[in-house]
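Contents: one structure, followed by commentary.
Residue numbers (the numbering used here), protein chains in the order written: chain A, 1 to 574; chain B, 575 to 1148.
Structure below.
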């Protein structure tokens, strides 16, 4: 990946020549990232220039059947494509980079990020075979990218993924700091502590606006350091002679490093199963983010040659994903590994709300197989990647920004983060709660709510290339609730019924047990046709409408349900 | 409700004449209650007699669209209807009594329970208009019901519902104790502490088998007393001048009592909204389980006449139920109450796993309206109704049963409860992990796994009277995932196509945006018909099959999806 001359060292005291122009406000527009499900994406606009920070996906909820992912509504960027100068990425998590291919396929632009982040993005771009030659620019923490109106400095932070960065964005109306996802870790794994001194410097320089991670605002105190887990793992590895199946997020490279080291120390080989875990380890190793002790790695197919106490199996599936290797191992459908009393499964992650049911299924199954289980509830095997209240207060205090916009959380998190800022002495007029599609205006006077842009997150059903219409989703939900009844009927030239209305139902009732009900409905449909004939109707759509109404009310009368009903009437012509 | 002569006082030292007959084992069969979703129901069988303990429902999970409730498979009871002597109820929660009408409508028998439990059951029976005259028998804690082979004594326990009982079941093979749902509360609200002395007595007498609640086995220590909440509520009421909207489970009569008292003490009137809450308060008051301070209750329609600090609104909706009064208040669709900065909402319940999404939606909406919110995470406003580890240990120790079967929990809870019993010195051979539909045999030697009975929990779609077939449910899920394509075609007597295959789709793609796709699919369907004609096919079903196959592969080719496809071919005859 080549570097670009307009990336300068920060030492050159940037931003000076920008101080002059201060007419129109800087416009900040969140395209997502303001709910639990992620999809972080924020654009900064000034006159003829737009830069975009992150382009994440969200994962569908239970009431979005058949939806694979949700991506931000990029319409505004498409309408202003000539302004779009760059996409800046803070780190490589799906909720920050997952939508990059979707964005670039609509609006191609330069992409800036740290090495690991870009490494992961490149993998995605390949899947979409998008030609982005010469568009990816690697930036290191401490470096600044200079655009016409904006300058973006990358600042090193700690998070559950290496190479994560906060952004210092110098604008015509002064400095904006976006923390990105962060925690304050004085003893991190495989990296250095967050660059607090730089945040302090910028604070002293003067920061107009802080936009900070609100994920853990409800949690008191500090998030424990990744380093603390080293001791837990050491203890667990020392105490057990069972085979260890260690499950975590593939992207948590620090965690993986700790398990490689612990296994090496305690004379265990490590076998990896699960495609995503395999990919990340390969990528992280090649890019130099993973230090694999000599000879510790073995192929999963060789696992059988090792005794339980000689082996660690590294895998994903902490959220109970039915396709994950852990799920397959738990339910005995894994090709190489089957679990039993000689196994210890460690779930090194917290359960994302909504996934409990799936995770519990796996845990129950493991207990059925007499497998030992350790989770974050029963032992210290996981720490969060986000800052808790005291860390947030520290950030606010050293940056002491003039204005504050909480980001990255559900509304209740944003509201509590705003309250935290007030508790620290900031006045309400300097705090603004962001909304998706609502402009935030930054000018000499401060921050203000701007106009609203119509914005509908796009649901991707990878089968159906284009975004899935809400109408279709509603149909799917209704189909699932009540099922469907289809009725066909045919009239000949003399307007005689030659094909009586015949019903086909799906997901409505079990036809075999409900022959009488089906017959009743069929008769009602035919009655409707006969009535139409008596009324001398000549429009097929009238026949269809009245068959539909008849079926609908008959179905409701008998079942108190309103299934979807489709009717088709055909007139034969000579 | 009349009492029955065969209810005796326990003082008469019962069970003596049973000591002789000890041939065949006592058979214990769990019909449910061994997973998160509840549905407690266990039968005890000896020779020609069966008694059933509890008949609960389970609530459907996200992957059961259109299902209202799930009830146990009562087939075994139907096949042995002449043996079924009685249904014994431990308490009035839905997961213990919800299926009573379903059971009685299949197998009518006598029902025994405490006053409040029967009061609630009667309400349900009315909805189903089942004639149960002379079948309901009220039993008080301390009383024993005598059957031919079994004697059942009710023992007072503490739980999140008044009038809850454990059962001491004397069988031809000795005493079985079922704790039912319980906690140990030395300072309960509106009732006395659990009757520990009686459990101790029975323990000394000798208990063959203990079947105990495993819900909170993963929680260390003790469940706090309901009494502790009195102080929290007192503090909260003292500190706020806002209108209080207090939300809890309607069945938690103790909690409701505390709020009535706190409101009375702090000069607030109480208005109730929500049908279920209204019903429970009326029933509990009439049966003497609720002590309503004079003049504290007002009608919700009069709420507007009171200032915020003069009013408490009592409601349900703690699980985010979209139809609940709290949901309607939060989203501004409640007829009398609209919420704002002058309101404080207290969610006095824990969030049942799987409901987080719905609860969070409400909390976010409340924050949007600047409503203050207190949950069990932010303050002491809720305690569990189930015993934690130390209470379970206490129960095991004073009963010191010969054998143990953990009940009421997911498999991992049962397994951990079994481990707890081992930690207390019980040997594995005396512990048995129950399975739905698998007999547990109790005889002179101990407990053993018995034979397996085919058992399928019945999903009730109240529209479709009978149990919902899994086939239909699968169809519904598939419909939701991929949608449906319906195609039909018509041939005249000369086997000419007079109605070209026409497609109707639902939940598949947005037809307006996919005209080309639809056209492509239609052509493929017509090709199939033409090929059939060329092959001289004469069977309508062959045409339908081949249209279906053609559409299926064409749809997959274009969308990588496999929608449900229904085809209909009609041949016209003279």
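Cβ atoms here follow ideal geometry from the backbone N, Cα and C, with glycine treated the same way.
When you compare only the Cα positions, how much space is there between residue i and residue j?
| i | j | result |
| --- | --- | --- |
| residue 677 (chain B) | residue 648 (chain B) | 7 Å |
| residue 361 (chain A) | residue 331 (chain A) | 10 Å |
| residue 802 (chain B) | residue 736 (chain B) | 17 Å |
| residue 731 (chain B) | residue 90 (chain A) | 56 Å |
| residue 582 (chain A) | residue 541 (chain A) | In this structure chain A extends from 1 to 574, so residue 582 (chain A) is not present and cannot be described. |
| residue 279 (chain A) | residue 285 (chain A) | 10 Å |
| residue 626 (chain B) | residue 601 (chain B) | 12 Å |
| residue 21 (chain A) | residue 445 (chain A) | With a pLDDT of 48 at residue 21 (chain A), under the threshold of 50, the modelled position of this residue cannot be trusted; read the value that follows with caution. Residue 21 (chain A) and residue 445 (chain A): Cα-Cα distance of roughly 15 Å. |
| residue 1083 (chain B) | residue 68 (chain A) | 15 Å |
| residue 1052 (chain B) | residue 206 (chain A) | 57 Å |
| residue 380 (chain A) | residue 188 (chain A) | 16 Å |
| residue 790 (chain B) | residue 968 (chain B) | 14 Å |
Under 8 Å Cβ to Cβ from residue i, same chain only, skipping five residues before and after it: list those, please.
| i | result |
| --- | --- |
| residue 889 (chain B) | 819, 820, 821, 846, 847, 848, 851, 898, 899, 900, 903 |
| residue 912 (chain B) | 903, 906 |
| residue 300 (chain A) | 271, 272, 273, 313, 336, 337 |
For residue i, decide whether its Cβ has a neighbour in chain B, counting only Cβ atoms nearer than 7 Å.
| i | result |
| --- | --- |
| residue 479 (chain A) | yes |
| residue 410 (chain A) | yes |
| residue 353 (chain A) | yes |
| residue 456 (chain A) | no |
| residue 520 (chain A) | no |
| residue 216 (chain A) | no |
| residue 476 (chain A) | yes |
| residue 279 (chain A) | no |
| residue 80 (chain A) | no |
| residue 320 (chain A) | no |
| residue 364 (chain A) | yes |
| residue 566 (chain A) | yes |
| residue 506 (chain A) | yes |
With a cut-off of 8 Å on the beta carbons, I'd call residue i and residue j a contact; round off their distance for me.
| i | j | result |
| --- | --- | --- |
| residue 76 (chain A) | residue 110 (chain A) | No, residue 76 (chain A) and residue 110 (chain A) are not in contact; Cβ-Cβ is about 19 Å, not under 8 Å. |
| residue 751 (chain B) | residue 776 (chain B) | 6 Å |
| residue 85 (chain A) | residue 147 (chain A) | 5 Å |
| residue 200 (chain A) | residue 398 (chain A) | 5 Å |
Once you ignore the five residues that flank residue i on each side, which residues in its own chain have a CB closer than 7 Å to its CB?
| i | result |
| --- | --- |
| residue 9 (chain A) | Note on residue 9 (chain A): pLDDT 45, under 50, position unreliable in the model; the coordinate value appears next. Answer for residue 9 (chain A): 143, listed in chain order. |
| residue 94 (chain A) | 56, 57 |
| residue 1010 (chain B) | 604, 605, 606, 608, 1029 |
Run through chain D and tell me which residues come within less than 7 Å of residue i, C-beta to C-beta.
| i | result |
| --- | --- |
| residue 932 (chain B) | Going by chain labels, chain D is absent from the structure shown, which instead holds the protein chains A and B. |
State yes or no: is the beta carbon of residue i nearer than 7 Å to at least one beta carbon in chain A?
| i | result |
| --- | --- |
| residue 1064 (chain B) | yes |
| residue 1173 (chain B) | The shown model of chain B, from 575 to 1148, leaves out residue 1173 (chain B), and the question about it has no answer. |
| residue 1060 (chain B) | yes |
| residue 942 (chain B) | yes |
| residue 1144 (chain B) | yes |
| residue 819 (chain B) | no |
| residue 914 (chain B) | no |
| residue 1084 (chain B) | yes |
| residue 1057 (chain B) | yes |
| residue 1046 (chain B) | yes |
Grab me the residues of residue i's own chain with a C-beta within less than 6 Å of its C-beta, minus the 5 sequence neighbours each way, in chain order.
| i | result |
| --- | --- |
| residue 793 (chain B) | 962 |
| residue 946 (chain B) | 918 |
| residue 577 (chain B) | Low local confidence applies: a pLDDT of 45 at residue 577 (chain B) is under 50, so the model's placement there is unreliable, and no value is given. |
| residue 826 (chain B) | 734 |
Going by DSSP, which residues form a beta bridge with residue i?
| i | result |
| --- | --- |
| residue 381 (chain A) | Paired residues: none, contrary to the question. |
| residue 771 (chain B) | The partner list for residue 771 (chain B) (beta bridge, DSSP) is empty, contrary to what the question assumes. |
| residue 49 (chain A) | A:46 |
| residue 1003 (chain B) | Answer is none; residue 1003 (chain B) lacks a bridge partner. |
| residue 1063 (chain B) | B:1143 |
| residue 962 (chain B) | B:790 |
| residue 406 (chain A) | A:212 |
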